[in-house]
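Report on one structure; see the data block that follows.
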Amino acid sequence: MNSRAMFCLAVALCIVPASAQIDLPRGFSRTTIASGFTAPIAFDFMPDGRILVAEQFTGNILQTTPQGVVDLVGTIPNLRIGGSTQGLLSIAIDPAYPARPYLYAWFTAQGGPFIHLSMYTLTDVGGVLSMGPEYIILDDVPDNNPMHNGGALRFGPDGMLYVSVGDDQNSCAALDPNILSGCILRLDVSALPQAGSGPPPKSVLTPSDNPFLTMTPEAGLVWATGLRNPFRFQIDPTTGDLFVTDVGENTWEEINLISGGGANLGWPINEGPSPFNPNCVNPAPPTVLPILSILHPNALALMAFGLYREPATHSASSLGPEYDGQFFFADFYFGDVQRIRFDGSQWVTPPTAAAQPSPLVWGTSFFGASEARFGPDGCLYYLGYSLPGYLARVSATTAYPGNGSDVAIEVVRNGMPDLRDDRIHRVHPGDQVEIRCQSPNGALDLQPFVLTAELISTGQPPPVVVVTGDPAPSIWIDAAAQVLLNGFTSPGVVLWPGGFGLPTVTIPPWLAGSGYSFLLQAFVTDPGRNAFDLGVSDAVELRVL
């Protein structure tokens, strides 16, 4: 973060609402997993679902469980905490855990103006974790100024450890790979730990395909240069591309995409798309421009939430395949979550999700989100930095509840039942879609029953369908099997005794990208009330992608 934001950060500790009402698209909800943290700054996932949370100024590493239990794992000692971006800034768990039971930490250390990257052995006894002694990996990253210390550790799909480093308020150093400032490091930690307490020779940490191998040992660790304060970045788990949010000086906030080694992101020659400071010695022009720049004061400290990838093993609580390939980000101070995606030629705003707060804003009230990441289950997890700090999860919910006790709606897509716990069925143009209805309790032919299909416009809440009075016999599903489609009756199809449905339809190509959904609702009689008093028994959504 930058110097103009120091006071804002201190104020945010007091005013960021921990329980602010979050406005999300239809079908999503927020759940607080654990709370009571003091300035929680970073977290990472254990393979078994536990999450480790780091506190910035106490140095505490805490273990949380899905049930909200919080236990102290250990404490990083001797932190240097004079500035708002000093202290413990990030943690990462070795991707080979438990074969490699290591926790990595990035923090400003006492005893000298340096940032440390260290590793600790985790011991797990009966589900209770504890930390072993420190093994230092790096202890010479400059920390001459209290600001701009970067602060993110991420393992890529290549097994390498990526580290974001701020420019230490020495902007021209960001252009020099020989100085570990204003850059992204790419480290091979697979040979660690070495003997003793470290640090090892830099040659042990240097991947053979890093871009600056022929320069100094320091430069051999550098993957990209030209960054100001990349406080947060995320890695595409499919491609290995880095999405880096860089906090600007006076005018622009940036989102940068790094697709390979050797990129120069331009700071301080450029800030965002604009020239900034050409007074550095031998200034190198940027080789990569931001994929998105946002003017102040519309953003002050962008935070990378991540590029969403739908899990290979589908989870009913995941965001859903329509979000695959979309990059999520938010501003620390304003708390509005936004998205962009690549359309084949440029990065654009995706179509508006159903009932999202505004065309640009996917979710609101993520004030003070110091860290956010997509979990293995496809849910969005984030830390609230406020007092008291908290860990929360945003997940898909059953957008259209229905017990299906009287009649259940089944969607068949391309000849196969489409089973969705969230009751949202995603279809594409060209898909063959059939709607079936059946009663778990027997035949429907003597039960008053109505099936409605209504178009839902993007951004609008679902319509409220009310059936009152004596419904016309023509809209009962009985032996004649009639269904109501947007006010028009259509012959149903008898599929089996007691089961009815709609003829197979092909999703037309003109619906592609329209954002249209169709709400299907089944209404039946309430046996305990008037025979013509219908209520919703089941409801699903057909969402056209």
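Residue numbers (our numbering): 106 to 650. Heads up, the beta-carbon is just placed ideally off N, CA and C, and yes, glycines get one too.
Counted within 10 angstroms of its Cβ, other Cβ atoms place V654 as buried (16 or more) or exposed: In the structure displayed, the chain extends from 106 to 650; residue 654 sits before or after that span and is not available.
Complete runs of the beta strand (DSSP E) confined to the segment 233–258 [at least 3 residues]: The segment 233–258 contains these whole beta strand (DSSP E) runs: 233–247.
Cβ-based burial, T611 [other Cβ within 10 Å; buried from 16]: On the sequence shown, position 506 is the one that residue 611 refers to. That one is exposed.
Cα-Cα separation, D482 to N387: Counting from 1 along the sequence shown, the entry for residue 482 is found at position 377. Counting from 1 along the sequence shown, the entry for residue 387 is found at position 282. So the two alpha carbons sit approximately 47 Å from each other.
8 Å Cβ cutoff met for A477 and Y486: Position 372 of the sequence shown, counted from the first residue, corresponds to residue 477. Position 381 of the sequence shown, counted from the first residue, corresponds to residue 486. It is a contact, given that the beta carbons lie within the stated cut-off.
Cβ contact (3+ pairs, closer than 8 Å) linking the segment 125–137 and the segment 148–162: no
Residue span of the beta strand (DSSP E) that contains V294, given as start and end: Here residue 294 refers to the residue found at position 189 when the sequence shown is read from its first residue. V294 -> no beta strand (DSSP E), and no H or E assigned at all.
C-alpha distance - L193 paired with P380, whole-angstrom precision: Numbered from its first residue, the sequence shown carries residue 193 at position 88. Numbered from its first residue, the sequence shown carries residue 380 at position 275. Near 33 Å, if we compare the C-alpha coordinates of P380 and L193.
Nearest to A458 (by Cα), restricted to the options I529, I181, G449, S276: Residue numbering aside, residue 458 sits at position 353 when the sequence shown is read from its first letter. Ranking the options by Cα distance to A458, first place goes to I529.
V178 versus R518, L488, L167, residue with shortest Cα-Cα distance: Position 73 of the sequence shown holds residue 178. The shortest Cα separation from V178 among R518, L488, L167 belongs to L167.
Cα-Cα separation between A329 and L370, rounded to whole angstroms: As a position in the sequence shown, residue 329 is number 224, starting the count at 1. As a position in the sequence shown, residue 370 is number 265, starting the count at 1. Cα to Cα, A329 sits roughly 8 Å from L370.
Contact check, I514 vs D643, beta carbons under 8 Å: Taking the sequence shown and counting its residues from 1, one reaches residue 514 at position 409. Taking the sequence shown and counting its residues from 1, one reaches residue 643 at position 538. Yes, these two residues count as a Cβ contact at 8 Å.
Pair within 8 Å by beta-carbon distance, G468 and I127: Start at 1 with the first residue of the sequence shown, and residue 468 comes out as number 363. Start at 1 with the first residue of the sequence shown, and residue 127 comes out as number 22. In contact: G468 and I127 (Cβ atoms closer than 8 Å).
Simplified DSSP state of L280, which is helix, strand or coil: Taking the sequence shown and counting its residues from 1, one reaches residue 280 at position 175. If DSSP states are grouped into helix, strand and coil, L280 belongs with the helices.
Own chain partners of A159 with C-beta closer than 6 Å, once the 5 adjacent residues on each side are dropped: Taking the first residue of the sequence shown as position 1, residue 159 is located at position 54. The answer, listed in chain order, is I146, A147, I166, L193, I196.
Beta carbon of M652 nearer than 8 Å to that of L208: Lying before the first or after the last residue shown, residue 652 is absent from the chain, which here runs from 106 to 650.
N-terminal and C-terminal residue of the alpha helix (DSSP H) that V268 is part of: Mapped onto the sequence shown, residue 268 falls at position 163. Segment 266–270 is the beta strand (DSSP E) holding V268; no alpha helix (DSSP H) there.
From G187, T350, V294, V230, residue whose alpha carbon lies closest to that of G256: Locating residue 256 in the sequence shown gives position 151, where the first residue counts as 1. Minimum Cα distance to G256 is reached at T350.
Cβ neighbour criterion (16 or more within 10 Å) applied to A501: Translated into the one-based positions of the sequence shown, residue 501 becomes position 396. When all chains shown are included, A501 counts as buried.
Enclosing alpha helix (DSSP H) for V538 [first to last residue]: Within the sequence shown, numbered from 1, the residue matching residue 538 stands at position 433. Careful: V538 lies outside any alpha helix (DSSP H), inside the beta strand (DSSP E) at 537–543.
Proximity winner among G141, S622, R291, relative to G264 (alpha-carbon distances): The residue you call residue 264 lines up with position 159 of the sequence shown. For the residues G141, S622, R291, the minimum Cα distance to G264 belongs to R291.
Per-residue burial, L551 [other beta carbons within 10 Å of its own, 16 or more giving buried]: Residue mapping note: residue 551 aligns to position 446 of the sequence shown, counting from 1. In this prediction, L551 scores a pLDDT of 42, lower than 50, which makes its location untrustworthy; no coordinate-derived value is stated.
Limits of the beta strand (DSSP E) - the one that L310 falls within: Taking the sequence shown and counting its residues from 1, the one referred to as residue 310 is at position 205. Not the beta strand (DSSP E): L310 falls in the alpha helix (DSSP H), residues 307–310.
Cβ-Cβ distance between L407 and D436 below 8 Å: Position 302 of the sequence shown, counting from 1, holds the residue named residue 407. Position 331 of the sequence shown, counting from 1, holds the residue named residue 436. Contact flag set, yes.
Rounded Cβ spacing between N315 and L326 (contact assumed at less than 8 Å): As a working note, residue 315 is residue 210 in the sequence shown. As a working note, residue 326 is residue 221 in the sequence shown. Contact holds; Cβ gap of about 7 Å.
Beta carbon of I363 nearer than 8 Å to that of F434: Within the sequence shown, the letter at position 258 stands for residue 363. Within the sequence shown, the letter at position 329 stands for residue 434. Not in contact: I363 and F434 (Cβ atoms no closer than 8 Å).
C-beta atoms of Q537 and T609 nearer than 8 Å: To locate residue 537, count along the sequence shown from 1; it is residue 432. To locate residue 609, count along the sequence shown from 1; it is residue 504. Yes. Within cutoff.
Under the three-state DSSP convention, the category A577 falls into: Mapped onto the sequence shown, residue 577 falls at position 472. Caution is warranted here: a pLDDT of 35 is assigned to A577, below 50, making its placement in the model unreliable, and no coordinate value can be reported.
Classification of T213 by the beta-carbon crowding that lies within 10 angstroms, buried from 16 upward: The sequence position of residue 213 within the sequence shown is 108, counting from 1. Buried, by the Cβ-count rule.
Residue burial classification, L400 (beta-carbon count within 10 angstroms, cutoff 16): In the sequence shown, residue 400 corresponds to position 295, counting from 1. Answer is exposed; the Cβ neighbour count stays below 16.
Reduced DSSP secondary structure (H/G/I, E/B, other) of P380: Taking the sequence shown and counting its residues from 1, the one referred to as residue 380 is at position 275. In this structure, P380 counts as strand in the three-state DSSP scheme.
Boundaries of the beta strand (DSSP E) in which S195 is found, first to last residue: One-based indexing of the sequence shown puts residue 195 at position 90. S195 -> beta strand (DSSP E) spans 193–198.
Stretch pair the segment 436–446 + the segment 516–529: three plus CB contacts closer than 8 Å: no
Where A300 sits in the DSSP three-state scheme: As a working mapping, residue 300 is identified with position 195 in the sequence shown. A300 falls in the coil class under three-state DSSP.
Spatially closest choice to S223 from P203, I198, W615, V230, by CA coordinates: Start at 1 with the first residue of the sequence shown, and residue 223 comes out as number 118. Nearest option by C-alpha distance: I198.
Option in T311, V352, P426 with minimal Cα separation from R531: Within the sequence shown, numbered from 1, the residue matching residue 531 stands at position 426. Of the candidates T311, V352, P426, the one whose C-alpha sits nearest the C-alpha of R531 is P426.
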